[in-house]
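Each remark here refers to the structure printed beneath this line.
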Amino acid sequence: MNLLITTLATFLTIYSYLLIIRVLLTWFPTINWYNQPFTALSQVTDPYLNLFRSIIPPLGGMDFSPILAFLVLNLAGEFLKSLTALPFVQGF
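So this is what it looks like as structure tokens:
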């Protein structure tokens, strides 16, 4: 059980890094998102970001939805990390 929780927490950390890269690359308007590796990055991160884009629309041309996306992802990661400290999880 501990291995599963640790694996999920690691996955969330890696996904956070991918989101950071995705958000930073949006600052460069000359990037063609139809070329690799940008297409793969977009396909992996956009479904998650679109969940939050439907909640927070762009304001003044700025997309603030990644802030909420990072918050939820970090909360989930911290929750998983706190589960590894519980005694009933360590026994499995």
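Following the working numbering, the numbering of the sequence shown begins with 1 at its first residue and continues without gaps.
Where is the CB? At the ideal position from N, CA and C, for every residue including glycine.
Query: Do you know how far the Cα of T84 is from the Cα of N2?; Result: 6 Å
Query: I'd like to confirm the pairing. Which residues does DSSP put opposite L59 in its beta bridges?; Result: M62
Query: Whose CA, out of S42, Y48, Y15, Q36, lies closest to the CA of T26?; Result: S42
Query: Determine the extent of the alpha helix (DSSP H) in which S16 is found, giving its start and end residues.; Result: 2-25
Query: The alpha helix (DSSP H) with S42 in it runs from where to where?; Result: 38-53
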